[in-house]
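Numbering (my numbering), first residue to last: 1200 to 1843.
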């Protein structure tokens, strides 16, 4: 059935005669999606300059309407309801949901069709009252047919009033057959006393009168008489209490409380310091200050260039920098969005009022990468993305491992793994941010281009891009020095490989020395805790710790890459030197009552002796890699000779 709803009016960007693209409600009105959450046919009206169109269309439940039937148009002052066609739109029209003249005529036609199915006159009811009583059994037998055709039965109120005597005379006959009536609806206030007389015989009674309070008062005695039955069944109510859900407490009924992008907003590089932001729209929602009165604001913006340098978005003059791009509302009462730059990321306090579009990475105030990683609202499930959007990137790693394969060229093999970054998975599944991105697993490849980060004396410098992981042991020079120094006396060090949201890889050189490879491997967590990471790495994903054994000039069984084992965020438990090879933890976030977001376990790869031999011989890994599971961890690591 074609539907209509009150106070719906949205802006439309469609150009031409095609599908209506809706981008947000007009001031003082609401959206189609607020009234209709699922696809259905609706009555619509279009206003495009001086031109008008009414018709029936299919709303997709989100933000578009397909024009199915054109009922009438007004183009250049010429009215047409004989053979109208879709009017041409110019990109700035308004679409409303309204009950048009055609809708009224269709409704009248439907009423006439139903009324023709049954006509009851006063004379017929009175004359045949005896026949009705005598055939009461037949009525009971055919109750299924009556129920199916209930909508086709129309009883004239005046006819009931005229024959009320006949109805009262046969009240006993009616009562005898009440068991066959599942539900009785009587629309007349003046006969409430007669209804009360037979209330005990009727299982379900709905009385629609001009004054419901009067009807309830008249039948109060009958209700009181049956209170014992209600009390008798209280046990059933108590038994099923667990099945009763308060709508306010059930997250599936809550409005998604997230400030997010709804459409458009793509960002891309457009020069050394400039990016191009596509037109789009989003929603700023605050359901935390007052959960009973949520404040929602639709924001839209046009395509525009945005200069990060001119807008304080490149504070790092020499070195690498990370800046997130967001949209804020121009003023409290305005629906226009303006772009803003947020060096080192949008702070937690601003995430409620800022629509994040993506991130820009730059080096020496020149853009190197632009990533479109928006926080979006079209999600699946009840996981509220805003509750974890502030979580550090290093808390979403699963089964990620880089390990050497060929001794001479220091190439690496990337195992299948997954990681979670809010918005980064938007291009993997547009309708579900909860889909984890799976990096490519494939043949042996050269190490990805990366830059070394030299961190000495609190100052970070960035080295030139290199293609191979260094096969020597390095550490930064002491405070005041520059460059690197080779580790003396054949010591062992642990380096750190990190990755930005765009995939750029960096290597932070080790800062501690160890006497042996085994000692370094046993202190992975302690080394990570004491390592002074440059502030530039705060928005990077820590992929791996790389152990370079003393005296190693090439990779082999004594120089391996271990996965990150103790990424921590608010609510998580840390690791230790024992479980650095394996950690399983859970973050807890407040959503309704005690709703937890399970965090994937971080597994460590356990290579078999044959695989070690293959690596030492410069061959590709083969066979099935065995992962340490939580149950396997119940056996001390010292008892697992083949765990490295």
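Here a beta-carbon is modelled for each residue, glycine too, at the ideal position from N, C-alpha and C.
Selected residue, minimal CA-CA separation from residue i, among the options
i	options	result
residue 1669	1695, 1511, 1654, 1562	1695
residue 1747	1718, 1271, 1208, 1261	1718
residue 1216	1258, 1245, 1238, 1205	1245
residue 1459	1310, 1225, 1554	1554
residue 1698	1674, 1712, 1713, 1735	1735
residue 1232	1511, 1262, 1225, 1479	1262
residue 1656	1733, 1690, 1271, 1722	1733
residue 1498	1462, 1512, 1513, 1518	1462
residue 1512	1264, 1665, 1538	1538
residue 1515	1283, 1716, 1658, 1648	1658
residue 1282	1309, 1253, 1265	1253
residue 1552	1569, 1299, 1662, 1534	1534
residue 1517	1654, 1568, 1660	1660
residue 1712	1723, 1704, 1702	1723
Neighbourhood of residue i by C-beta distance below 7 Å, restricted to the same chain and skipping five residues each side
i	result
residue 1274	1250, 1286
residue 1247	1286, 1288, 1289, 1292
residue 1506	1472, 1473
residue 1730	1695, 1710
residue 1495	1482, 1484
residue 1201	1240, 1241, 1242, 1255
residue 1206	1228, 1229
Residues sharing a beta bridge with residue i, DSSP
i	result
residue 1552	None, per the DSSP bridge assignment.
residue 1208	1295
residue 1230	In the DSSP output, where bridge partners are listed per residue, residue 1230 has none listed.
residue 1250	1247
residue 1649	1665, 1704
residue 1506	1473
residue 1674	1684
residue 1539	1525
residue 1266	1256
residue 1712	Note: residue 1712 sits in no beta bridge, so no partner.
residue 1568	1560
residue 1279	1272
Residue burial classification, residue i (beta-carbon count within 10 angstroms, cutoff 16)
i	result
residue 1278	exposed
residue 1500	buried
residue 1565	exposed
residue 1213	buried
residue 1738	buried
residue 1671	exposed
residue 1686	buried
residue 1528	buried
residue 1743	buried
residue 1307	exposed
residue 1708	buried
residue 1210	buried
residue 1208	buried
residue 1303	exposed
residue 1684	exposed
residue 1838	Residue confidence for residue 1838 is low, a pLDDT of 31 falling below 50, so the modelled location carries little weight; the figure read from the coordinates is stated next. Looking at its Cβ environment, which holds fewer than 16 other Cβ atoms inside 10 Å, residue 1838 is exposed.
residue 1224	buried
residue 1219	buried
residue 1294	buried
residue 1745	buried
residue 1270	buried
residue 1674	buried
residue 1702	exposed
residue 1653	buried
residue 1276	exposed
residue 1264	buried
residue 1689	exposed
Beta-carbon proximity list for residue i, same chain, < 6 Å, skipping 5 on both sides
i	result
residue 1204	1234, 1296
residue 1503	1476
residue 1651	1662, 1706
residue 1510	1540
residue 1571	1465, 1466, 1557
residue 1280	1271
Other residues of its chain near residue i: CB distance less than 8 Å, five sequence neighbours each side excluded
i	result
residue 1238	1257, 1258, 1259, 1260
residue 1267	1240, 1254, 1255, 1256, 1257
residue 1284	1216, 1269, 1272
residue 1691	1672, 1712, 1713, 1714, 1715, 1716, 1718, 1719, 1746, 1747, 1748, 1749
Any non-hydrogen atom of the ligand GDP within 7 Å of residue i CB
i	result
residue 1502	This structure does not include the ligand GDP; it has no bound ligands of any sort.
Check whether the region 1541 to 1551 and the region 1516 to 1523 touch, using three or more Cβ-Cβ pairs below 8 Å as the test. yes
Specify whether the region 1558 to 1568 and the region 1466 to 1481 touch according to this definition: at least 3 beta carbon pairs, one from each stretch, less than 8 Å apart. yes
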